[in-house]
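Asks: In the working numbering, the protein residues as written are 43 to 399. Beta carbons: idealized from backbone N, C-alpha and C, even for Gly. Structure provided below as structure tokens; questions to follow.
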Amino acid sequence: MKKTRLIQAAALLGVAAISLSACASNESGSSSSTSSLSGQISGSGASSQSGAQEAWKAGFIASNASVAVNYDPEGSGAGRKAFAGGTADFAGSDSAVSTDELAGKFAACKTNDIVEIPAYISPIAVAFKLDGIDSLNMDAATIAKVFSGQISKWNDPAITDLNSGVTLPDTTIKVKFRGDESGTTKNFLNYLKSEAPDAFGSAEVGETFPFASNPNAQSAQKTQGVKQALTGSDGSIGYLDASQAGDLGTVAVNGVKYSAEAAAKIVEHSKLIDGRGDADLAYKLDYSVEGAYPIVLVSYLIGCQEYQTEGKGELVKAYFEYVISADGQKQAADHAGSAPLSDAVTEKAKTAVNAIK
43 MKKTRLIQAA ALLGVAAISL SACASNESGS SSSTSSLSGQ ISGSGASSQS
93 GAQEAWKAGF IASNASVAVN YDPEGSGAGR KAFAGGTADF AGSDSAVSTD
143 ELAGKFAACK TNDIVEIPAY ISPIAVAFKL DGIDSLNMDA ATIAKVFSGQ
193 ISKWNDPAIT DLNSGVTLPD TTIKVKFRGD ESGTTKNFLN YLKSEAPDAF
243 GSAEVGETFP FASNPNAQSA QKTQGVKQAL TGSDGSIGYL DASQAGDLGT
293 VAVNGVKYSA EAAAKIVEHS KLIDGRGDAD LAYKLDYSVE GAYPIVLVSY
343 LIGCQEYQTE GKGELVKAYF EYVISADGQK QAADHAGSAP LSDAVTEKAK
393 TAVNAIK
């Protein structure tokens, strides 16, 4: 399997921030801060960004020792609510700000104009735990039927027909899903609805898992909760940021195994959603890219174009600039297994961040 890099990356998520800071300083050739910036900013949101945020904070603070950056990985929905309510200076979110949210107010902002940039790109792994099996193949329709409960046994013909030579047990499939509001859930559902509408049915696509009534489904909180639930239950299947898949088995989609590079390819070939602000880079993903692993997580950073609090915009702008820089993206790739932004996406993001004041 081509998951060595992501497995290694996941193992590094527990490294202390001080170690990351030292690495960032060494790679930049500097061991002391040269910035005159000072103050504190707080973010909240996607738990998928946890490892990347630790790497970004360490790299940023290595050159900005008088700035404190806090990030609470409480989930995408909670992060956007905190940003809208003014208790967070920026949000991390695995789904773009909705049109309803855009029509509301953002308490930290002087105007209702926001900046929204892709910052973290990663495949979403369909991960499972089955004794003696570390790889399976499924198509979108089969995945949709498994998670909705239409397929409830591992040896169902729909699965065995796609996995010649693999002996699957006559046991119940235990579905593990995100119980909190999750952008990862929304990205996962968007793919299934787009590519397998008949199997997916009339269920709503949103940040809440719509098949909780499946008698074999069990919720877990945040990315780590899903990982723990899968690890502790043979016969289970779930979805999570691929950097967290670790030693779990994973599903190839239409014969294509996940990779960070394939995820970036999907985003590069996708288009921005029409009708949004010039600094709002929300993407509508194109799942038709040939040979690419299609279940992709695009996680955004969201901030104000103009902040109510004097000096806050300068700090957020500097942090966002670091995140999308070559070094920031390398730190996230090395420590969290994400795919660096393409040059084209980076240039768009730089223009958007430049609107912050």
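1) Give the straight-line distance between the Cα atoms of A294 and F242, rounded to the nearest whole angstrom.
2) Please report the distance separating the alpha-carbon of G71 from that of S105.
3) Can you pull the DSSP bridge partners for T292?
4) Output yes or no for whether 7 Å exceeds the beta carbon distance between L339 and D136.
5) If you follow the alpha helix (DSSP H) that F132 is part of, which residue opens it and which one closes it?
6) Nearest CA to the CA of K171: which residue from G207, G274 and Y162?
7) Going by DSSP, what residues sit across from I159 in a beta bridge?
8) Residues in its own chain within less than 8 Å of F148 by CB, not counting five upstream and five downstream?
9) Identify which residue in G277, D222 and A110 has its Cα closest to the Cα of D212.
10) If distances are taken between C-alpha atoms only, which option among E389, Y342 and Y364 comes closest to G121?
11) Measuring alpha carbon to alpha carbon, tell me which of K392, D376 and Y361 ends up nearest F102.
12) With three or more beta-carbon pairs closer than 8 Å as the criterion, would you say the stretch 300-310 touches the stretch 378-396?
13) Measuring straight from C-alpha to C-alpha, what distance separates Q286 and Q263?
14) So, at 6 Å on beta carbons, what are the nonlocal neighbours of A183 in its own chain, with the 5 sequence-adjacent residues on each side left out?
15) Do three or more CB pairs link the stretch 172-182 to the stretch 366-375 at distances below 8 Å?
16) Could you give the distance in angstroms between the alpha-carbon of I166 and the alpha-carbon of N232?
17) Specify, as a first and last residue, the run of the beta strand (DSSP E) that Q260 falls within.
18) Taking only the alpha-carbon atoms, compute the straight-line gap between G146 and E158 and give it to the nearest angstrom.
Replies: According to the data block:
1) On the sequence shown, position 252 is the one that residue 294 refers to. On the sequence shown, position 200 is the one that residue 242 refers to. Looking at the two C-alpha atoms, the distance is approximately 19 Å.
2) The residue labelled residue 71 in the question sits at position 29 within the sequence shown. The residue labelled residue 105 in the question sits at position 63 within the sequence shown. Note on G71: pLDDT 38, under 50, position unreliable in the model; the coordinate value appears next. If I take the Cα positions, the gap works out to 11 Å.
3) Along the sequence shown, one-based indexing puts residue 292 at 250. T292 pairs with A169 and S177.
4) By one-based count along the sequence shown, residue 339 stands at place 297. By one-based count along the sequence shown, residue 136 stands at place 94. Closer than 7 Å, so yes.
5) To locate residue 132, count along the sequence shown from 1; it is residue 90. Unbroken run through F132 is the beta strand (DSSP E), F132 to S135; no alpha helix (DSSP H).
6) Residue 171 sits at position 129 when you count from the first residue of the sequence shown. Closest by alpha carbon: G274.
7) Position 117 of the sequence shown, counting from 1, holds the residue named residue 159. Its beta-bridge partners are L343.
8) The residue you call residue 148 lines up with position 106 of the sequence shown. Here the set comprises F125, A126, G128, N154, I156 and C346.
9) Within the sequence shown, numbered from 1, the residue matching residue 212 stands at position 170. Comparing Cα-Cα distances from D212 to each of G277, D222 and A110, the minimum goes to G277.
10) Indexing the sequence shown from 1 puts residue 121 at position 79. Nearest option by C-alpha distance: Y342.
11) Mapped onto the sequence shown, residue 102 falls at position 60. The shortest Cα separation from F102 among K392, D376 and Y361 belongs to Y361.
12) yes
13) Taking the first residue of the sequence shown as 1, we reach residue 286 at position 244. Taking the first residue of the sequence shown as 1, we reach residue 263 at position 221. If I take the Cα positions, the gap works out to 14 Å.
14) On the sequence shown, residue 183 is found 141 positions in, with the first residue counted as 1. Contacts found: A238 and A241.
15) no
16) The residue you call residue 166 lines up with position 124 of the sequence shown. The residue you call residue 232 lines up with position 190 of the sequence shown. Their Cα atoms are separated by approximately 12 Å.
17) Looking up residue 260 in the sequence shown gives position 218. Here the beta strand (DSSP E) through Q260 covers A259 to A262.
18) Position 104 of the sequence shown, counted from the start, is the residue given in the question as residue 146. Position 116 of the sequence shown, counted from the start, is the residue given in the question as residue 158. Rounded to the nearest angstrom, the two C-alpha atoms are 16 Å apart.
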